[in-house]
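Asks: Questions regarding the structure given below will be posed in turn.
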Amino acid sequence: MIIQVKDLVKKYGDLVALDHFNLSVNEGEVFGLLGPNGSGKTTAINCILALLTIDNGTVEIFDKPMSPDAYDIKRDIGIVMQNVAVFNELTVFENINYFCGLYITDKKLRATLVDEAIEFVGLNEFRKFYPKKLSGGLLRRLNIACGIAHKPKLIILDEPTVAVDPQSRNNILEGIMRLNELGATIIYTSHYMEEVEQICSRIMIMDKGKSVALGTKEELRALAGLGEAASLNDVFLELTGTELRDQ
Amino acid sequence: MFPILLGTLFNLAFSNLNKAESFVKINLGIIDNTEYQKSPLKMTIAFVSTENNEQNGMFRVTLTDVAGADELLKNNKIDGYILMNKGATLVVKQNGLNQSILKSFLDDYNQSSATYASILKSDPTKYQELLLNSANRLDFLKASSSTNANPDTTLNYFYSLIAMACLYGGFMGMNEILSIQADMSSQAARLNLAPVHKMRVLVYDLLAAVAVHYSTILIVLAYVSFVLKVNFGDKIFFIMLLSLLGSMTGLAFGAFVGAALKKSEGVKIGILTGVTMSLSFFAGMMYVDIKYMIAKAAPIMAYINPANVITDGFYSLYYYDTYSRFFVNAGILCVFIFVLCFLTYMILRRRRYASI
Numbered sequence: 001m002i003i004q005v006k007d008l009v010k011k012y013g014d015l016v017a018l019d020h021f022n023l024s025v026n027e028g029e030v031f032g033l034l035g036p037n038g039s040g041k042t043t044a045i046n047c048i049l050a051l052l053t054i055d056n057g058t059v060e061i062f063d064k065p066m067s068p069d070a071y072d073i074k075r076d077i078g079i080v081m082q083n084v085a086v087f088n089e090l091t092v093f094e095n096i097n098y099f100c101g102l103y104i105t106d107k108k109l110r111a112t113l114v115d116e117a118i119e120f121v122g123l124n125e126f127r128k129f130y131p132k133k134l135s136g137g138l139l140r141r142l143n144i145a146c147g148i149a150h151k152p153k154l155i156i157l158d159e160p161t162v163a164v165d166p167q168s169r170n171n172i173l174e175g176i177m178r179l180n181e182l183g184a185t186i187i188y189t190s191h192y193m194e195e196v197e198q199i200c201s202r203i204m205i206m207d208k209g210k211s212v213a214l215g216t217k218e219e220l221r222a223l224a225g226l227g228e229a230a231s232l233n234d235v236f237l238e239l240t241g242t243e244l245r246d247q
Numbered sequence: 001m002f003p004i005l006l007g008t009l010f011n012l013a014f015s016n017l018n019k020a021e022s023f024v025k026i027n028l029g030i031i032d033n034t035e036y037q038k039s040p041l042k043m044t045i046a047f048v049s050t051e052n053n054e055q056n057g058m059f060r061v062t063l064t065d066v067a068g069a070d071e072l073l074k075n076n077k078i079d080g081y082i083l084m085n086k087g088a089t090l091v092v093k094q095n096g097l098n099q100s101i102l103k104s105f106l107d108d109y110n111q112s113s114a115t116y117a118s119i120l121k122s123d124p125t126k127y128q129e130l131l132l133n134s135a136n137r138l139d140f141l142k143a144s145s146s147t148n149a150n151p152d153t154t155l156n157y158f159y160s161l162i163a164m165a166c167l168y169g170g171f172m173g174m175n176e177i178l179s180i181q182a183d184m185s186s187q188a189a190r191l192n193l194a195p196v197h198k199m200r201v202l203v204y205d206l207l208a209a210v211a212v213h214y215s216t217i218l219i220v221l222a223y224v225s226f227v228l229k230v231n232f233g234d235k236i237f238f239i240m241l242l243s244l245l246g247s248m249t250g251l252a253f254g255a256f257v258g259a260a261l262k263k264s265e266g267v268k269i270g271i272l273t274g275v276t277m278s279l280s281f282f283a284g285m286m287y288v289d290i291k292y293m294i295a296k297a298a299p300i301m302a303y304i305n306p307a308n309v310i311t312d313g314f315y316s317l318y319y320y321d322t323y324s325r326f327f328v329n330a331g332i333l334c335v336f337i338f339v340l341c342f343l344t345y346m347i348l349r350r351r352r353y354a355s356i
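Here the protein sequences line up with chains H and P, keeping their order.
So in our numbering, spot 176 of the first sequence is number 176, and the numbers just go up one at a time.
So in our numbering, spot 329 of the second sequence is number 329, and the numbers just go up one at a time.
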């Protein structure tokens with residue numbers, strides 16, 4: 001088990017963002033985390049990564065308790081955040097090199113990894129470009145490259161294809177599958193059902209800070225009482241309802 | 001830019017202040033009567049009046065009668081008048097610097113003449129010896145600056161300006177902290193997830209900030225020294241060392257404010273601005289006497305104000321020959337730097353956030 005989360009509780013004042021939340025992710029799988037707005041997906045990710053204080057529960061990654069100074073665990077984790085987290089003052093190459101440098105101190109190795117990351121996301125022609133000059137799709141690819149350049153064992157992608165055109169999205173999804181084929185365990189959160197359906201081996205649906213359903217696509221269809229022809233979107237709406245959610 | 005602009009304004013405001021502080025002759029009236037004409041006071045007055053020595057004379061003397069003197073005093077044409085009537089008496093209308101000088105002069109004359117009269121009465125042969133002593137008396141006291149530096153109150157304004165510029169490094173220090181706080185930016189969140197020791201990140205960031213900020217301080221120093229011609233003395237190494245310590249203190253202070261306050265960026269900047277300006281004010285940047293009032297009423301406050309410590313450090317380098325006062329100030333700044341950096345690290349390490 002790569003990640004083991006037990007009985008996680010996180011409150012923002014009176015609001016219970018995570019309500020005795022449990023999660024287990026196996027090594028080598030692509031795990032999808034779905035949920036409506038405000039369901040607690042990003043909060044769960046941030047708690048797992050020890051960025052947020054938690055009110056109750058335990059988090060273990062690679063069979064070790066996670067904490068802000070668990071540097072040995074952090075070394076093998078790659079993050080692709082929901083918001084693009086790059087420096088506007090650095091070029092594409094410099095950004096990837098900087099973030100990779102936080103994990104890899106060996107200059108030669110880092111140079112190789114950075115080149116591979118740029119190649120992987122298809123930003124070869126844009127090495128000397130500054131982020132402000134990049135389109136939304138290219139910026140997202142840069143964001144991904146910064147998170148995966150150091151070849152982590154566990155990659156967490158929090159809605160990485162927001163505001164990205166279909167071609168770029170397809171390119172990103174293919175890249176994620178390639179990373180998984182190379183041995184990385186992936187946790188993928190998204191609102192786009194077709195993406196999750198395409199790449200994820202196991203899916204958890206969250207709502208109001210709790211896990212509503214967990215399983216393969218087929219298991220979720222069965223749980224929702226829908227036939228094989230039903231899409232993940234149908235399953236999702238059946239399990240979480242059609243009521244509009246506030247963020 | 002702001003310290004350079006403010007320094008230029010200071011220079012424009014204070015450039016004639018030293019000239020204005022040159023000594024103005026005192027207008028003195030003397031009642032011209034028989035007793036005065038026969039007394040040694042006449043010779044003494046002649047020695048110190050401008051009549052015989054326009055450049056160095058202290059008093060501009062007007063000989064008159066009592067009614068005339070009263071009229072002149074009433075119309076402020078004279079600061080006071082001396083009446084010889086079985087001894088010298090000073091008549092003034094009000095208290096002030098000139099009146100105090102006149103009184104000191106007359107008291108000194110009365111005391112000396114009484115002393116000499118007493119000596120001559122007991123031993124008339126001492127006459128020549130007394131004459132020599134009184135002539136040499138002026139040589140007993142000679143104003144001598146230990147560093148050949150002239151006391152100059154306007155320097156404090158420029159020194160406190162440099163101190164303020166040093167404390168402005170706090171904004172850079174705060175910025176470095178905001179750049180590593182996960183709840184302030186996505187880049188910082190990514191940085192928090194990296195396997196990098198917080199202390200290392202903090203030290204590297206602050207060192208880079210010191211390098212940049214210290215360069216700007218040197219530019220301000222150069223401008224104030226060479227363009228505005230403000231005298232910092234000739235102890236260049238210690239001036240640069242003090243500037244470096246001041247810059248580091250400012251950065252450390254800003255870093256601490258950035259880490260300690262759980263408020264938005266705008267609020268932190270507002271607090272830092274207010275505190276920096278207050279500390280500069282209490283160091284005498286806007287009203288030089290405040291510094292001395294605080295040193296007298298609450299000396300400990302002078303030592304815990306980094307702006308005042310920096311200002312005092314510059315002044316001690318300019319005015320004193322020894323370095324003991326400078327090293328006390330430098331030591332205090334080192335303590336500030338260490339304590340603030342340590343507290344900042346203790347706040348940041350192992351930090352989790354309530355929300356991002």
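Glycine included, every Cβ here is placed at the ideal spot set by N, Cα and C.
Is the stretch 176-192 of chain H touching the stretch 149-168 of chain H, taking contact as three or more C-beta pairs under 8 Å?
Replies: The stretch 176-192 of chain H, when compared against the stretch 149-168 of chain H, does touch it at the 8 Å Cβ threshold.
Asks: Can you find the residues in the same chain that come closer than 7 Å, C-beta to C-beta, to I101 (chain P), ignoring five residues on each side of it along the sequence?
Replies: Closer than 7 Å at Cβ, skipping near neighbours: I26.
Asks: Decide if Y157 (chain P) is buried, meaning its Cβ has at least 16 other Cβ atoms within 10 Å, or exposed.
Replies: Y157 (chain P) should be labelled buried.
Asks: With a CB to CB cut of under 8 Å and the five nearest residues on each side skipped, what residues in its chain are close to L239 (chain H)?
Replies: Here the set comprises I205, D207, V212, A213, L220, L223, A224.
Asks: Looking only at its own chain, which residues have a Cβ that is under 8 Å from the Cβ of A330 (chain P), when we skip the five neighbours before and after it?
Replies: Excluding positions up to five away in sequence, the list reads L241, L242, L245, G313.
Asks: Compile a chain-ordered list of the residues in the stretch 161-176 of chain H whose CB is closer than 8 Å to at least one CB of chain P.
Replies: So the list is empty, because no residue satisfies the distance condition.
Asks: What did DSSP end up calling Q187 (chain P) once you bin it into helix, strand or coil?
Replies: The answer is helix: DSSP assigns Q187 (chain P) an H, G or I state.
Asks: Helix, strand or coil for V84 (chain H), going by three-state DSSP, please let me know.
Replies: Here V84 (chain H) sits in coil by DSSP.
Asks: Could you run through the stretch 184-199 of chain P and flag, in chain order, every residue whose CB is less than 9 Å away from some CB of chain H?
Replies: Hits within the stretch, in order: S185, S186, Q187, A188, A189, R190, L191, N192, L193, A194, P195, V196, H197, K198.
Asks: Hey, I82 (chain P) and L106 (chain P): beta-carbon distance below 8 Å or not?
Replies: Their beta carbons are under 8 Å apart, which means I82 (chain P) touches L106 (chain P) by this criterion.
Asks: Does any residue of chain H bring its CB to less than 8 Å from the CB of L353 (chain P)?
Replies: Looking at the sequence itself, residue 353 (chain P) is Tyr, so the reference to Leu does not match. Closer than 8 Å to some Cβ of chain H, the Cβ of Y353 (chain P) qualifies, so yes.
Asks: Comparing the C-beta of Y130 (chain H) with each C-beta of chain P, is any distance below 8 Å?
Replies: Taking Cβ atoms only, chain P never reaches closer than 8 Å to Y130 (chain H), which makes this a no.
Asks: Is DSSP giving D19 (chain H) helix, strand or coil here?
Replies: Note: D19 (chain H) maps to strand in three-state DSSP.
Asks: Can you tell which of H:V86, H:K41, H:D19, H:I156 has the C-alpha that lies nearest to the C-alpha of K132 (chain H)?
Replies: When each option's Cα is compared against that of K132 (chain H), the closest is H:V86.
Asks: G29 (chain P) to L333 (chain P), Cα distance in whole Å?
Replies: Using only the alpha carbons, I get a separation of about 55 Å.
Asks: Which parts of the stretch 192-228 of chain P are runs of the beta strand (DSSP E), unbroken and 3 residues or longer, counting only runs that do not cross its ends?
Replies: List check, beta strand (DSSP E) in window: nothing returned.
Asks: Closer than 8 Å, CB to CB, is V25 (chain H) near chain P or not?
Replies: Chain P, which has no Cβ nearer than 8 Å to the Cβ of V25 (chain H), makes this no.
Asks: Going by the beta-carbon positions, is the gap between G78 (chain H) and I148 (chain H) smaller than 8 Å?
Replies: Their beta carbons are under 8 Å apart, which means G78 (chain H) touches I148 (chain H) by this criterion.
Asks: In this structure, how does DSSP classify Y318 (chain P) when only helix, strand and coil are distinguished?
Replies: It is helical.
Asks: Taking only three categories from DSSP, how would you classify A50 (chain H)?
Replies: Note: A50 (chain H) maps to coil in three-state DSSP.
Asks: Counting only beta-carbon atoms, is P68 (chain H) nearer than 8 Å to chain P?
Replies: So, interface residue.
Asks: Can you check whether the C-beta of A260 (chain P) is within less than 8 Å of a C-beta belonging to chain H?
Replies: Answer no: the Cβ-Cβ gap between A260 (chain P) and chain H never drops below 8 Å.
Asks: List the residues of chain H that A182 (chain P) touches, going by C-beta distances under 7 Å, in chain order.
Replies: Ordered by position in chain H, the residues that pass the 7 Å Cβ test against A182 (chain P) are L51.
Asks: By DSSP, does D65 (chain P) sit in helix, in strand, or in coil?
Replies: Residue state, collapsed to three classes: coil.
Asks: Taking the continuous beta strand (DSSP E) assigned at A165 (chain P), which residues delimit it?
Replies: No beta strand (DSSP E) holds A165 (chain P); the alpha helix (DSSP H) holding it covers 155-167.
Asks: For F282 (chain P), name the three-state secondary structure that DSSP assigns.
Replies: Reduced to three states, the DSSP call for F282 (chain P) is helix.
Asks: Mind pulling the chain P residues with CB within less than 8 Å of A85 (chain H)?
Replies: Simply S185, S186, Q187, A189, R190.
Asks: Where do the N-terminal and C-terminal ends of the alpha helix (DSSP H) with K121 (chain P) fall, by residue?
Replies: It spans 97-122 - the alpha helix (DSSP H) in which K121 (chain P) sits, taken as one unbroken run.
Asks: Kindly say whether Y103 (chain H), judged by its beta-carbon, lies nearer than 8 Å to any beta-carbon of chain P.
Replies: Closer than 8 Å: yes.
Asks: How big is the Cα-Cα spacing for D253 (chain H) and D7 (chain H)?
Replies: The displayed coordinates of chain H run from 1 to 247. Any statement about residue 253 (chain H) would go beyond what the structure contains.
Asks: For A88 (chain P), list the residues DSSP reports as bridge partners.
Replies: Paired residue(s): P:M84.
Asks: Residues of the stretch 191-211 of chain H in Cβ contact with chain P at a cutoff of 7 Å, in chain order, please.
Replies: The residues in question: there are none.
Asks: In terms of alpha-carbon separation, which member of H:M1, H:K151, H:V9, H:L33 lies closest to Y192 (chain H)?
Replies: Among H:M1, H:K151, H:V9, H:L33, the Cα nearest to that of Y192 (chain H) is on H:L33.
Asks: N75 (chain P) bridges to which residues according to DSSP?
Replies: In DSSP, N75 (chain P) forms no bridge with anything.
Asks: Quick one: is F99 (chain H) near chain P, going by C-beta distance under 8 Å?
Replies: So, interface residue.
Asks: Would you mind giving the Cβ-Cβ distance between I4 (chain P) and M84 (chain P), rounded to the nearest angstrom? I have them listed as a contact below 8 Å.
Replies: At roughly 60 Å, the Cβ-Cβ gap does not stay under 8 Å, so I4 (chain P) and M84 (chain P) are not in contact.
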